[in-house]
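*Asks:* Under my numbering, the letters of the sequence shown match residues 31 to 123, in that order.
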Amino acid sequence: MRERGESKSDWARAAGMTNEEVEAAVSSDPDEAGMEVDWDRVTTQMPEPKAVLNMRVDRDVLDYFRRQGRGYQTKINAVLRSYVEQMRRGKRP
Numbered sequence: 031m032r033e034r035g036e037s038k039s040d041w042a043r044a045a046g047m048t049n050e051e052v053e054a055a056v057s058s059d060p061d062e063a064g065m066e067v068d069w070d071r072v073t074t075q076m077p078e079p080k081a082v083l084n085m086r087v088d089r090d091v092l093d094y095f096r097r098q099g100r101g102y103q104t105k106i107n108a109v110l111r112s113y114v115e116q117m118r119r120g121k122r123p
């Protein structure tokens with residue numbers, strides 16, 4: 031579903047709700063219990079820009095990631111990041 035750009039959200043229903051109805055729906059949602067945000071203590075951190083890279087990889091590896099759809103380069107980065115973090119902790123693959 032997500033690969034096709036679809037969503038489970040009922041955006042038409044949400045667009046028709048008043049602010050009060052939205053707040054009531056959120057406050058009655060058990061997943062939101064205790065999720066009050068103290069905006070005075072919130073900090074933001076900008077992600078570091080990615081480096082541009084021209085890299086050679088095996089064709090089957092690239093094909094595998096490309097078949098995953100949009101964001102395949104982000105997934106490749108996540109795999110590499112996981113490897114780097116494991117190595118930094120001294121855990122050999």
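Beta carbons: idealized from backbone N, C-alpha and C, even for Gly.
Specify, as a first and last residue, the run of the alpha helix (DSSP H) that Trp-41 falls within.
*Replies:* Taken as a continuous stretch (DSSP letters only), the alpha helix (DSSP H) holding Trp-41 covers 41 to 45.
*Asks:* With H, G and I counted as helix, E and B as strand and the rest as coil, what does DSSP make of Arg-96?
*Replies:* Of the three classes helix, strand and coil, the one that applies to Arg-96 here is helix, per DSSP.
*Asks:* Just verifying my parser: in three-state terms, what is the DSSP assignment at Ala-63?
*Replies:* Here Ala-63 sits in coil by DSSP.
*Asks:* Give me the residue from Arg-118, Glu-36, Asn-107, Ala-44 with the minimum Cα distance to Ala-26.
*Replies:* Since the displayed the chain opens at 31 and closes at 123, residue 26 lies outside it and no answer follows.
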